[in-house]
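Student: In my numbering, the protein residues as written are 689 to 943.
Sharing a structure with you now.
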């Protein structure tokens, strides 16, 4: 399921804004626009996963799945206090998953995602979480680059794209392009990966490449709608459709 991109974030400080245009683990961190049914499903899954995890906190699968459920619900929260509390629960569960199986991708990946969810609620504290996020995503890349449709590469690319550059932080256009292109190469049939490159190229002043990516997305769209179908993908399609239209409009304005 998709989870980190192009979010509408409640402004607090520059530090809080650094990251969360970043996450697209699947259109994640989109604020204020999530239909009620998306939130209700995320809440129900959180409650289910929490109960399962609490029944056996030493169970690896229960731990990482609760970490995932925490991320998905935190993504929908308007209340900062609850958002932060859920993210911290996800971090704790994901750390247990990593401890239980250090060589499994799931724990490292959702630890990074939940760290990102917590960073969204922070001010200056967000900066301190970047290095750990970077490290966990890189570990996930090494363990299984295909996980979550190239999620580790995708989210590293977005992190490098949206974080401030040196010496303030790790932001790097070169690294962003490298990882976003890797994600598209690994999972070319996943709309999020193409959208990320199209949006990035528009921001980088490369409309020709952006047009190429949007054309590829147009060709992929009908097939992807069949492949990624069902209730669990509704939020992602809601996000992808809006972003696709916005990117097209922005490209048309540059003509």
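Glycine included, every Cβ here is placed at the ideal spot set by N, Cα and C.
(1) Starting from residue 821, trace the alpha helix (DSSP H) both ways and give me its first and last residue.
(2) Grab the span of the alpha helix (DSSP H) containing residue 907 for me, first residue to last.
(3) Given this structure, state the Cα-to-Cα distance separating residue 780 from residue 940, to the nearest angstrom.
(4) Flag this pair as yes or no: are the beta carbons of residue 752 and residue 794 separated by less than 9 Å?
(5) What would DSSP say about residue 853, mapped onto helix, strand or coil?
(6) Suppose contacts are defined by Cβ-Cβ distances below 9 Å. Is residue 831 in contact with residue 791 by that definition?
(7) I'd like to confirm the pairing. Which residues does DSSP put opposite residue 859 in its beta bridges?
(8) In or out: residue 872 buried (at least 16 other Cβ within 10 Å) or exposed?
(9) Answer yes or no: do residue 876 and residue 909 have a C-beta to C-beta separation smaller than 9 Å?
(10) Alpha carbon to alpha carbon, how far is residue 809 from residue 803?
(11) Quick check: the region 844-862 against the region 881-893, are at least 3 beta-carbon pairs closer than 8 Å?
(12) So what's residue 776 in DSSP terms, helix, strand or just coil?
(13) What would DSSP say about residue 745, mapped onto helix, strand or coil?
(14) Are residue 836 and residue 870 close, meaning C-beta to C-beta below 9 Å?
(15) Per DSSP, what kind of secondary structure is residue 767 in: helix, strand or coil?
(16) Measuring alpha carbon to alpha carbon, tell me which of 890, 756, 806 ends up nearest residue 785.
(17) Are residue 726 and residue 764 close, meaning C-beta to C-beta below 9 Å?
(18) Output needed for residue 928: all residues of its chain with C-beta closer than 8 Å, excluding positions within five of it in sequence on either side, in chain order.
(19) Among the candidates 769, 888, 746, whose CA atom is the shortest distance from the CA of residue 932?
(20) With the cut-off set at 9 Å, would you say residue 760 and residue 730 are in Cβ contact?
(21) Enumerate in chain order the residues of its own chain whose CB-to-CB distance from residue 828 is below 6 Å, with the five nearest sequence positions on each side excluded.
(22) Mind checking residue 901: buried by the 16 CB within 10 Å criterion, or exposed?
(23) What's the call for residue 951, buried or exposed, on a 16-neighbour Cβ count within 10 Å?
(24) What residue from 935, 891, 769, 914 has the CA that sits closest to residue 805's CA?
(25) Using a Cβ-Cβ cutoff of less than 6 Å, which residues in the same chain neighbour residue 722 once the five nearest sequence positions on both sides are dropped?
(26) Tell me which residue opens and which closes the alpha helix (DSSP H) that residue 876 is part of.
(27) Nearest to residue 865 by CA position, among 843, 741, 855, is which residue?
Tutor: According to the structure shown:
(1) 814-831
(2) 895-915
(3) 45 Å
(4) yes
(5) strand
(6) yes
(7) 853
(8) buried
(9) no
(10) 10 Å
(11) yes
(12) helix
(13) coil
(14) no
(15) coil
(16) 756
(17) yes
(18) 715, 879, 880, 883
(19) 888
(20) yes
(21) 793, 796, 797, 840
(22) buried
(23) Only positions 689 to 943 of the chain appear in this structure, which leaves residue 951 out of reach.
(24) 769
(25) Residue placement at residue 722 is poorly supported in this model, since its pLDDT is 49, which falls under 50; the coordinates are not used for a value here.
(26) Looking at the DSSP string, residue 876 is not in any alpha helix (DSSP H), and its letter there is neither H nor E.
(27) 843
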